[in-house]
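In the numbering used here, the protein residues as written are 1 to 752.
We put the CB at the ideal spot given by N, CA and C, even for glycine.
See structure below.
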């Protein structure tokens, strides 16, 4: 860095503002001003944390404000990580400062706040103070002084003799051994018989759990071939992306484990992404039993302090493997050799607010920048991923059979037409009873939580809706309330119709609570549990339910899509899919793909142990190709029909998409802004001769969410570059009222 008095630096500010900013570095801070550190800078009337990007040349240096403080002793991000952040900011059209803030641990930034205090004469004044910043946890260490002549008595003497024996001990360990002893420890220090020091300690998300140890499992020929190709790619030391396509239960995780072992042996590290935090405990257990190296975990289920400590362990090189959900993509691992994206088809890899990145896609970008092997694993890969493998952009690794020659589950489709109101068809009830008698476990899948999906008046037809969102309210019997699943609005159940005051109101539709209630009535002696967002709230909720199932404490588990995502339940011998067609009619071109994936994944939970599995699929659309191919375990057949549909209508992989959403409290303002935006987009497209379709604006499928009316414009471009050029020029030329919010979602996953 420069050391002159005109030392100018470029700083990114974590606010929704385009571009970076320039500041002067005073002489006293110049030596410490390294790229990658946080700086405290004046910004308007506030003081905020910014990220130092490097030196800059800027005209008018005399008009620049000065950096107030350098907040870090060491850089928080490296030049290669900054390159990654810049790529993300450019591709997803998001301010760089917010991208960096998202990538770093939550809560570490300082900002100025104001509070009202009284001056000496009693006059209220506003005083500025700095808030935020994540603290490092420390613990006290006590060490005996051998040559001290002072000799305490009683418990103090016992403690001193113990310290002389062990050399050093923490306060919590001493209190666990000797009981309350704060006073005695203070007296030992006062006498000079013991020294007090402090040591930094990590908050441990594993809670010092013992996992045991196991070794590599024997591989079947397909697994061995996959491992050989990954090993060869690692030896070559260049970027190598693969699609690992294996049926459910085919041993993809063992391929991950042995591939990572090869990378570790070569002195490299590994990053493993899973779509849900519910999958993390089971996967962490397998990795802990296999590897002796440091393993870190990053996901939203950790406290901010635990995430901060895990991030610091990784930054310091104390972890060679990182496992986590979407945000673990930004773990500060160096020398990454393998990046695994398990269940690569899952939509939860896409961030739905803020920086709208897709961790699955960015894993490929990070792998390319770091010359790593990237393994995208799934039994039901995205149509776009399979197409990329077929066209040579991804290497293709196939695991066509289950491990140990286990058979795929026997599967039947049950036609639910003409069975209005029935939660279970007779065949499923009979199968559940037989499975209970045989000692097997049953999974029942319904992708709707709550007890009933809506309340309707039988007199006037009024349906109870959320006042803030264009959706019905779901009744949760355990809470005793009607709840909106989009804005969390709640209300107590009305005794009469809010519209006509009739008492003839009834609950219709069904969710997991109602299924649980019905199962308990049908099988009162069965041990029944539920796994959805309501039943797993709180820390460790997912792990608790999974442990109960694994230990045989649950006979029948009812769940939403949480139970479909990669879990290994050896005791499950029956799976029942209720309302398999529920997602088929969503206004989204991916609805058939998602239905096929979800049904196939749920079916794959059956028969993974020594006993064969059965699957019964209830549906109102038994002829739909997504369901017929799922029941037949036929991915290729589904792909052929789906890819023909995509090519005909021009959707990915034959086009690239971006969605613009406008929202406002006043319906007219949002609509006007959307109309103006569409006109500008069409003018830019015409003048620049860009091959992009501008579709809309139209009212969004969810026309109102959290009190804001919503409109959408969809852009479809054959060339990704044309799409980005259009958006770049649009952002530079479009302005809208502050009351209107605009979000730009590149490569949208949720079209609602």
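Mind the definition here: the segment 659-669 touches the segment 618-628 only if three or more C-beta pairs lie below 8 Å; say whether that holds. no
Buried or exposed, going by whether 16 or more other CB atoms sit within 10 Å of the CB of residue 728? exposed
Beta strand (DSSP E) runs wholly inside the segment 363-423, at least 3 long, in chain order: 373-378, 395-399, 410-415
Span of the beta strand (DSSP E) holding residue 617? 614-619
For residue 81, tell me which candidate among 108, 48, 91, 36 has the shortest Cα-Cα distance. 36
Cβ-Cβ distance between residue 617 and residue 414 below 8 Å: yes
Which word fits residue 610, buried or exposed, when buried means at least 16 other C-beta atoms lie within 10 angstroms of its C-beta? exposed
Just to confirm the assignment: which complete beta strand (DSSP E) runs, minimum length 3, are found wholly within the segment 267-324? 269-273, 295-298, 321-324
DSSP three-state assignment for residue 464, whether helix, strand or coil: coil
At which residue ranges does the segment 468-514 contain complete beta strand (DSSP E) runs of 3 or more residues, listed in the order of the chain? 474-476, 481-483, 505-508
Count the other CB atoms, across all protein chains shown, that sit within 10 Å of the CB of residue 327; report buried if there are 16 or more and exposed otherwise. buried
Looking at residue 713 and residue 737, is the spacing between their C-beta atoms short of 8 Å? no
C-beta atoms of residue 374 and residue 339 nearer than 8 Å: yes
Assign residue 553 to one of two classes, buried (16 or more other C-beta atoms within 10 Å of its C-beta) or exposed (fewer than that). exposed
If we count the other Cβ atoms within 10 Å of its Cβ and call it buried at 16 or more, is residue 585 buried or exposed? exposed
Tell me residue 168's beta-bridge partners as DSSP assigns them. 143
From residue 130 to residue 306, what distance separates their C-alpha atoms? Any reading at residue 130 needs caution, since the residue's pLDDT is 49, under 50, leaving its predicted position unreliable; the model's value is listed next. Their Cα atoms are separated by approximately 23 Å.
Evaluate residue 754 with the Cβ neighbour count: other Cβ atoms within 10 Å of its Cβ, from every protein chain shown; 16 or more gives buried, anything less gives exposed. Residue 754 falls outside the range modelled here, since the chain spans only 1 to 752, and no answer is possible.
Drop a sphere of 10 angstroms on the beta-carbon of residue 497, count the other beta-carbons inside from all chains shown, and report buried for 16 or more, exposed for fewer. buried
Candidates 102, 266, 142, 752, of which the one nearest residue 589 by Cα: 752
Whole-number beta carbon distance between residue 530 and residue 559, since they are thought to touch under 8 Å: 7 Å
Give me, in chain order, the residues of the same chain whose beta-carbon lies closer than 6 Å to that of residue 382; leave out the 5 immediate sequence neighbours on both sides. 345
Assign residue 781 to one of two classes, buried (16 or more other C-beta atoms within 10 Å of its C-beta) or exposed (fewer than that). In this structure the chain extends from 1 to 752, so residue 781 is not present and cannot be described.
Using the Cα positions of residue 406 and residue 454, report the straight-line distance between them to the nearest angstrom. 42 Å
Hey, could you find the ends of the alpha helix (DSSP H) residue 590 is sitting in? Counting along the chain, residue 590 falls outside any alpha helix (DSSP H), and DSSP gives it neither H nor E.
Using DSSP with H/G/I as helix, E/B as strand and the rest coil, what is residue 737? coil
Is it buried or exposed for residue 370, if we count other Cβ within 10 angstroms and need 16 for buried? buried
In DSSP terms, what residue 442 is bridged to: 556, 574
Are there three or more Cβ pairs, one per stretch, closer than 8 Å when the segment 299-319 is compared with the segment 231-245? no
Can you give me the C-alpha to C-alpha distance between residue 16 and residue 687, rounded to a whole angstrom? 29 Å
Between which residues of its own chain and residue 701 is the CB-CB distance below 6 Å, once the five residues before and five after are set aside? 587, 752
Touching or not, the segment 395-403 and the segment 354-371, by the rule of three or more beta carbon pairs under 8 Å? no
Is the distance from the Cβ of residue 229 to the Cβ of residue 337 below 8 Å? no
Going residue by residue through the segment 599-687, where are the continuous beta strand (DSSP E) segments of at least 3 residues, counting only ones entirely within it? 614-619, 656-664
Suppose the cutoff is 8 Å on Cβ atoms and the five residues either side in sequence are ignored; what does the same chain contact list for residue 733 look like? 680, 684
Residue from 179, 165, 164 with nearest C-alpha to residue 171: 179
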